[in-house]
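Working notes, structure below.
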Amino acid sequence: GHRCEAHRYLGFHCRHVFLTCCDGEEGRNLDEDGWHTICSVTTFILLCGVEVQYIVFGMTIQCYFPGNICEQQCTPVGRSPQCSCFPGFSLRADGHSCEDINECSSARACQPNERCTNTAGSYVCQRVITCPPGYQINNDICEDINECVQGGHNCGVGFECVNTEGSFRCNPKPRCSTGFQQDAQGNCIDIDECGALTQPCSSGFNCINTVGSYMCNRKIICSRGYHASPDGSRCVDVDECQSNLHQCGDGQLCQNLPGSYRCECQTGYQYDSFRRMCVDVNECWRYPGRLCAQTCENTPGSYECSCTSGFRLSGDGKNCEDVNECLANPCGQECANIYGSYQCYCRQGYYLREDGHTCDDIDECTQSIGHLCTYKCVNVPGSYQCACPEYGYTMSPNGRSCRDIDECTTGAHNCSLAETCYNIQGGYRCLSLSCPPNYRKVSDTDTHTLFPLRTESSVSTSQMMPSFRNVSRFVEIHVEEKSIITSRQDERGASGPEESRYVQMLPLQGETVCR
Numbered sequence: 261g262h263r264c265e266a267h268r269y270l271g272f273h274c275r276h277v278f279l280t281c282c283d284g285e286e287g288r289n290l291d292e293d294g295w296h297t298i299c300s301v302t303t304f305i306l307l308c309g310v311e312v313q314y315i316v317f318g319m320t321i322q323c324y325f326p327g328n329i330c331e332q333q334c335t336p337v338g339r340s341p342q343c344s345c346f347p348g349f350s351l352r353a354d355g356h357s358c359e360d361i362n363e364c365s366s367a368r369a370c371q372p373n374e375r376c377t378n379t380a381g382s383y384v385c386q387r388v389i390t391c392p393p394g395y396q397i398n399n400d401i402c403e404d405i406n407e408c409v410q411g412g413h414n415c416g417v418g419f420e421c422v423n424t425e426g427s428f429r430c431n432p433k434p435r436c437s438t439g440f441q442q443d444a445q446g447n448c449i450d451i452d453e454c455g456a457l458t459q460p461c462s463s464g465f466n467c468i469n470t471v472g473s474y475m476c477n478r479k480i481i482c483s484r485g486y487h488a489s490p491d492g493s494r495c496v497d498v499d500e501c502q503s504n505l506h507q508c509g510d511g512q513l514c515q516n517l518p519g520s521y522r523c524e525c526q527t528g529y530q531y532d533s534f535r536r537m538c539v540d541v542n543e544c545w546r547y548p549g550r551l552c553a554q555t556c557e558n559t560p561g562s563y564e565c566s567c568t569s570g571f572r573l574s575g576d577g578k579n580c581e582d583v584n585e586c587l588a589n590p591c592g593q594e595c596a597n598i599y600g601s602y603q604c605y606c607r608q609g610y611y612l613r614e615d616g617h618t619c620d621d622i623d624e625c626t627q628s629i630g631h632l633c634t635y636k637c638v639n640v641p642g643s644y645q646c647a648c649p650e651y652g653y654t655m656s657p658n659g660r661s662c663r664d665i666d667e668c669t670t671g672a673h674n675c676s677l678a679e680t681c682y683n684i685q686g687g688y689r690c691l692s693l694s695c696p697p698n699y700r701k702v703s704d705t706d707t708h709t710l711f712p713l714r715t716e717s718s719v720s721t722s723q724m725m726p727s728f729r730n731v732s733r734f735v736e737i738h739v740e741e742k743s744i745i746t747s748r749q750d751e752r753g754a755s756g757p758e759e760s761r762y763v764q765m766l767p768l769q770g771e772t773v774c775r
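Start counting the sequence shown at 261; every next residue gets the next number (this note's numbering).
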């Protein structure tokens, strides 16, 4: 019933040592000391110093050993653990951790000709390697020292170092031939007899040094602009330009010629014989209208083409191409690119300001000649709108004049059944009509009223109630209130509507309505 695992220090399975822990022998009766023995032995191997519960011989046994867990070895003594360390380690003062023992600190660890190297829990003795003179140790191997390369030789001048196995030797250098001499390092170098000898050649001859010797050649006379060759056998040209023997001024180029030289002006310059110097050529004056499409500007030794405002220089450096200024949105509204410039313009209902870029709204209501609207003109950005009174009118299809709303026809009035609705311009009236004594109202028409017609009649315009002065004869009349809406300007110049009203009474042919 208990799993066995390999101990980290012993390195082998616990069943090989404590078979009773892993095999589970049955049929054995253990007293209290027996249980203690099993617990002690088992805890010694697996869990010394902790509480563990496991099954031995089919029975559950719980063992407990207090104290700290040991780092390496633990031995139960009574009911307490005792820690110990493996060989090569010593127990620290805390009683449970171990530290390595440095065996090399003891002089008796290795033989006198051996080197001691400490390891974890042990040490290693290695034989000390010594190399003879002329050798050096490299990875425990003796290798030859090259004294000639490392400068460890003592060969003098006139000798050369030759490396040998474990040593070196100095060999004398060979003697120099005639015409050569040894330098400080013993090497043979050529002797310049022409410089070393006082007068190696006779008068009229030139001394020419050669390798290991010298030769005398007859002197030659060369013309101006020439000099003798190094061997004195011929005349060669003097390159005044290369040897800086020319007298060309600033801005001039030296051109070597056989026996002489010539000073030439750089491109874009010409020689001024009076001033004896190169002066700049003004190509723009010399070739007017041929070098640049628009503007030519002279520069030292050359020229540059430029373009006027509204153009830019093309890739050939000569022609000019139009710049589309409209791409930079310089205008407030619309931009039209033109050749070499641009033009700003405004949409309908706006005008261009004096700056030529900004657009302002046109107030059509104040600037128009005549009347745009019959009632009220309202300016809006870029246009205008006509408006009608808030009540009683609607806009005509032409969008300029106002049309009266017949509330009596549309039923938008609030007259009672006893009243007659009478439409007027911009509104309506509720009329109460009554007949004179001994008469009664028999008409069902809302627009018919009774009026006595004799010589005089009067109408109250506020209540639209007819009154009678003479009732000798009655006829049917039609009462209609009319209004005229006109536009006028006040003292500030603002336009507004003005309404004039009047009452029209017309006699109607037909049946009288009051009897």
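Positions of the beta carbon are idealized from the N, C-alpha and C atoms, including for glycine.
None of the values given here were measured: they were computed from a predicted structure.
Presumed contact (8 Å Cβ cut-off) between residue i and residue j, rounded CB distance
i, j, result
"residue 439", "residue 466", "In fact, because the Cβ distance is near 19 Å, the residues do not count as touching under 8 Å."
"residue 538", "residue 529", "4 Å"
"residue 614", "residue 604", "Their Cβ separation, rounded to whole angstroms, is 12 Å, which puts residue 614 and residue 604 out of contact at 8 Å."
Spatial distance of residue i from residue j (CA atoms)
i, j, result
"residue 633", "residue 618", "29 Å"
"residue 564", "residue 500", "35 Å"
"residue 525", "residue 511", "6 Å"
"residue 369", "residue 382", "10 Å"
"residue 485", "residue 464", "21 Å"
"residue 363", "residue 356", "21 Å"
"residue 675", "residue 636", "30 Å"
"residue 610", "residue 597", "20 Å"
"residue 398", "residue 387", "15 Å"
"residue 554", "residue 606", "32 Å"
"residue 329", "residue 338", "16 Å"
"residue 580", "residue 566", "8 Å"
"residue 560", "residue 527", "10 Å"
"residue 519", "residue 483", "8 Å"
"residue 515", "residue 531", "15 Å"
"residue 642", "residue 620", "9 Å"
"residue 247", "residue 498", "Lying outside 261 to 775, the shown extent of the chain, residue 247 is not represented and no answer is given."
Per DSSP, cross-strand counterpart(s) of residue i
i, result
"residue 513", "524"
"residue 351", "358"
"residue 636", "647"
"residue 420", "431"
"residue 566", "555"
"residue 584", "Answer by DSSP bridge pairing: none, since residue 584 is not bridged."
"residue 673", "Paired residue(s): none; residue 673 is not in a bridge."
"residue 384", "377"
"residue 444", "Note: residue 444 sits in no beta bridge, so no partner."
Cutoff 7 Å; reference residue i; Cβ partners in own chain excluding five residues on either side
i, result
"residue 469", "452, 453 and 454"
"residue 359", "349, 350 and 352"
"residue 496", "486, 487 and 489"
"residue 423", "406, 407 and 408"
"residue 622", "609, 610 and 611"
"residue 428", "407, 408, 413, 421 and 422"
Close beta carbons around residue i, own chain, < 8 Å, minus the five adjacent residues each side
i, result
"residue 490", "468"
"residue 418", "432, 433, 442 and 446"
"residue 687", "651, 652 and 667"
"residue 395", "402, 403, 404, 405 and 426"
"residue 638", "625, 644, 645, 646 and 647"
"residue 706", "In this prediction, residue 706 has a pLDDT of 42, which is less than 50 and means its spatial position is unreliable; nothing more can be read from the coordinates."
Extent of the continuous beta strand (DSSP E) to which residue i belongs
i, result
"residue 455", "Run containing residue 455: none in the beta strand (DSSP E); it sits in the alpha helix (DSSP H), 453-456."
"residue 496", "495-497"
"residue 436", "No beta strand (DSSP E) holds residue 436; DSSP gives it neither H nor E."
"residue 410", "Counting along the chain, residue 410 falls outside any beta strand (DSSP E), though it belongs to the alpha helix (DSSP H) covering 407-410."
"residue 476", "473-478"
"residue 398", "395-398"
"residue 615", "Residue 615 -> no beta strand (DSSP E), and no H or E assigned at all."
Endpoints, alpha helix (DSSP H) assigned at residue i
i, result
"residue 546", "543-546"
"residue 626", "624-627"
Beta-carbon contacts of residue i that lie in its chain and below 6 Å, excluding the five residues immediately before and after
i, result
"residue 471", "450"
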